[in-house]
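There are 2 protein chains.
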Amino acid sequence: MMNKNQPIGVFDSGIGGLTVLKHLRKMMPNERFLYLGDTARVPYGNKSKETIRLYAQQCAGFLMAKNVKLIVVACNTVSANALDEVQDFSSVPVVGMIAPAARGALQESSNGRIGIIGTRATIGSNAYQDALRIFHTMVPTPHSQLHVTAQSCPLFVPLAEEGWQHHQAAALIAQEYLKPMIHDKVDTLIMGCTHYPLLHNLLSTTLPNVTLIDCGEYAAKISLEILTQSNNVTTTILPTHIEHTEYFITDTTPNFSVIAEEFLGYHVPQPQRVIIEPNDALPISTDIHSSEFRYG
Amino acid sequence: MMNKNQPIGVFDSGIGGLTVLKHLRKMMPNERFLYLGDTARVPYGNKSKETIRLYAQQCAGFLMAKNVKLIVVACNTVSANALDEVQDFSSVPVVGMIAPAARGALQESSNGRIGIIGTRATIGSNAYQDALRIFHTMVPTPHSQLHVTAQSCPLFVPLAEEGWQHHQAAALIAQEYLKPMIHDKVDTLIMGCTHYPLLHNLLSTTLPNVTLIDCGEYAAKISLEILTQSNNVTTTILPTHIEHTEYFITDTTPNFSVIAEEFLGYHVPQPQRVIIEPNDALPISTDIHSSEFRYG
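Read top to bottom, the protein sequences are chains P and G. Per my numbering, residue 1 is the first one in the first sequence, and the count goes up by one each step. Per my numbering, residue 1001 is the first one in the second sequence, and the count goes up by one each step.
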């Protein structure tokens, strides 16, 4: 059940989803958000499909228990491997990263040669490859042929987290990973991991004439469309000094607020630590009742 | 209670501990081993102390339920942050990575200038720094002064896992991380993460006149000492064609056996998938009864 003044729930395996939150807030400045980062079990990118689906269900369960009106899966690995699981589990609309970005890439590309970069789990799932092929047959595009080049880039997330995007080593790593994109003459590249917008300069330097697709931007557009069409855009006007987002994390990350401020560009309050897997332990955060985030 | 023909339990957050298992098996060829890799929640290196302690307790609980005679914590992050927790929890001797390697480094160093590299959680814990200072006051060493240089190297594990140690980017990253070691004229470097022996060539090329300390080697020596002193060395002579190790992982890693063979240099059987956190879910591996690995 949606209620227009309920918040929008956003979750990610960790902090990368903040790049998506940034677009959501920009596009919907009066909405309230709950952001959940599963920092205890981050990263999801090298885990099995089965484990990703279990963790995604637990994240969605936490947000559902908080009565969100829409769930944004701000994690490409989850979107690629468990979107159906989250949709089955949730009674509100669920927006993933894959479909909006795939449609966006098809609209942006002039030559139909599209690249995708992401974690091993995202690339290995073929979710982007499949979405591009399906939308290509459905949506009128300026190109009759579609050619997809996919590459997993496991070093990009740690590089972004180290803040090394301007280091010469980062340039060499980018050149190595993106060789197939140059070889295949892609004109549009989907940044299929929510960390990658932090490497925007590195990517655009390595591929100077390629359009970079930021999933968060396209997911925010679709989210607004869904709320508008169902008449669920908030009617509240939030003053700019009011905090729009509550942050929850599953492991204490001492510098979460500092990193979040770097990602978002504005002040971020201390997150609350929560336990999201059903177990016998007591919740760590004492200001949240365990019943609120148990769903089994 | 120790019984000399029980196996030795070894655990790590993932696959890095296999470099320790290699030394254990080499030093104790007739012992049987159980290896547990918590691949569902790997890596531990960026997690909080509290979360590392919880996960370590669950790993130790799994091994205790299997009646091991000794536990080797084949993970520097756990050894640095939760060794006391594992010791309190276990009724058998527990060998960590820190003390054996710190003692080894003090014996190897000629100038008393020792470097340590590891994950953020290992370096941030100061466990190596403290152990070196304590042993320096206790053990006769050829040097009266001790100088410790510590550096966290978050990109080394993903570099090792990508198999990129011979890539030019790896050389640049190593030069960046190891600058303080050159500046401080260390003559001995503790590879304070079980993945780092895979980068041995890269490290020795970057620091050509520095002795590299492999924790696994020193932990294996101490393990054999403990078993010998308590008269718990196995009396069985295992034929070489008999499998000495059972492998358990918490997430299916499709190429676990392939990676393990690269780490160990010999054939590795398929691991069993197990759930080690107490929860309401059914065990995934049907050939293990849940009661065996629940300890709460």
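All C-beta atoms in this analysis are idealised placements derived from N, C-alpha and C, irrespective of residue type, glycine included. As the structure is a prediction and not an experimental result, all values here were calculated from the model.
List the endpoints of the continuous alpha helix (DSSP H) containing residue i.
i         : result
P:ALA56   : 49-64
P:GLY45   : Per DSSP, P:GLY45 belongs to no alpha helix (DSSP H) and is neither H nor E.
G:SER1079 : 1076-1089
Who are the Cβ neighbours of residue i in its own chain at under 8 angstroms, not counting the five residues just before and after it?
i         : result
G:PRO1140 : none
G:PHE1089 : GLN1057, ALA1060, GLY1061, MET1064
G:PHE1033 : PRO1007, ILE1008, GLY1009, VAL1010, LEU1021, LEU1024, ARG1025, HIS1244, THR1245, GLU1246
Taking the C-alpha atoms as reference points, what is the distance between residue i and residue j?
i         : j         : result
G:GLU1246 : P:HIS183  : 45 angstroms
P:GLU161  : G:LYS1185 : 29 angstroms
G:PHE1135 : G:ILE1116 : 15 angstroms
P:GLY45   : G:PHE1256 : 16 angstroms
G:ALA1080 : G:ARG1103 : 15 angstroms
G:THR1188 : G:MET1097 : 16 angstroms
P:GLY296  : P:ILE276  : Note that P:GLY296 scores a pLDDT of 27, beneath 50, so its modelled location is shaky; the value from the coordinates is reported in the next line. Answer to the nearest angstrom: the Cα atoms are 11 angstroms apart.
P:THR240  : P:PRO29   : 9 angstroms
P:ARG41   : P:ASN231  : 36 angstroms
P:GLY192  : G:VAL1258 : 27 angstroms
G:THR1019 : G:LEU1212 : 14 angstroms
G:GLN1165 : P:GLY163  : 21 angstroms
G:SER1204 : P:ALA169  : 19 angstroms
G:GLN976  : G:VAL1072 : Residue coverage of chain G in this structure runs from 1001 to 1296, which leaves residue 976 of chain G outside it and unanswerable.
P:ASN111  : G:HIS1167 : 33 angstroms
G:SER1223 : G:THR1252 : 29 angstroms
P:ALA101  : G:VAL1095 : 49 angstroms
G:GLU1176 : P:GLY118  : 26 angstroms
P:SER285  : P:GLU85   : Because P:SER285 sits at a pLDDT of 35, beneath the cut-off of 50, its placement in the model cannot be relied upon, and the following sentence gives the value as read from the coordinates. Answer to the nearest angstrom: the Cα atoms are 27 angstroms apart.
P:LEU172  : G:THR1194 : 26 angstroms
G:LEU1106 : P:TYR128  : 53 angstroms
G:TYR1035 : G:GLU1108 : 30 angstroms
P:LEU201  : P:THR51   : First, the residue type needs correcting, since residue 201 of chain P is Asn and not Leu in the sequence shown. The alpha-carbon atoms of P:ASN201 and P:THR51 are separated by roughly 33 angstroms.
G:LYS1049 : G:ILE1123 : 12 angstroms
G:TYR1218 : G:GLN1270 : 28 angstroms
G:HIS1143 : P:TYR266  : 51 angstroms
P:PRO154  : P:ILE242  : 38 angstroms
P:ARG53   : G:SER1125 : 33 angstroms
G:LEU1159 : G:MET1138 : 37 angstroms
P:LYS47   : G:TYR1055 : 17 angstroms
P:VAL78   : G:ARG1120 : 26 angstroms
P:ASN3    : P:ALA82   : 26 angstroms
P:GLN87   : P:PRO208  : 37 angstroms
G:PRO1043 : P:PRO43   : 8 angstroms
By Cβ distance, which residues of its chain are closer than 7 angstroms to residue i, with the 5 residues on each side in sequence left out?
i         : result
P:GLN6    : ASN67, VAL68, LYS69
G:ASP1214 : MET1191, PRO1197
P:ALA297  : The structure shown does not extend to residue 297 of chain P, since chain P is modelled only from 1 through 296, so no value can be given for it.
P:THR149  : GLY115, PRO180, MET181, ASP184, VAL186
P:ILE237  : ASN30
Keeping to the same chain, check which residues put their C-beta closer than 6 angstroms to that of residue i; ignore five residues upstream and five downstream.
i         : result
G:LYS1022 : LEU1264
P:GLY37   : ASP12, GLY14, ILE15, ILE249
G:ALA1260 : LEU1018, VAL1268
P:ALA312  : Since the first and last residues shown for chain P are 1 and 296, residue 312 of chain P lies out of range.
P:GLU31   : ILE8, THR234
P:LEU282  : Residue confidence is low: P:LEU282 scores 33 on pLDDT, short of 50, so the model does not pin down where it sits. No coordinate-derived value is stated.
G:PRO1093 : LEU1070, ILE1226
P:ALA174  : LEU202, THR206
G:ASN1076 : MET1097, GLY1118, THR1122, GLY1192, CYS1193
G:GLY1216 : THR1019, VAL1020, HIS1023
G:SER1091 : none
G:THR1039 : GLY1014, ILE1249, THR1250, ASP1251, THR1253
Quick one: give me the first and last residue of the beta strand (DSSP E) that residue i is part of.
i         : result
G:ALA1072 : In the sequence under discussion, the amino acid at residue 1072 of chain G is Val, which differs from the Ala named in the question. First-last of the beta strand (DSSP E) with G:VAL1072: 1070-1073.
G:SER1010 : Here residue 1010 of chain G is Val; the residue named in the question, Ser, does not match the sequence. Segment 1008-1012, the beta strand (DSSP E) holding G:VAL1010.
G:THR1037 : Reading off the sequence, residue 1037 of chain G comes out as Gly, not Thr. Here the beta strand (DSSP E) through G:GLY1037 covers 1033-1037.
Who does residue i pair with in a DSSP beta bridge?
i         : result
G:GLN1272 : G:PHE1248
P:VAL20   : Paired residues: none, contrary to the question.
G:VAL1092 : Its beta-bridge partners do not exist; DSSP assigns none.
Q: List in chain order: all unbroken beta strand (DSSP E) runs of 3+ residues lying wholly within the segment 100-188 of chain P.
A: 113-118, 147-152
Q. Hey, which unbroken runs of the beta strand (DSSP E) at 3 residues or more fall wholly within the segment 1181-1261 of chain G?
A. 1188-1191, 1211-1214, 1245-1249
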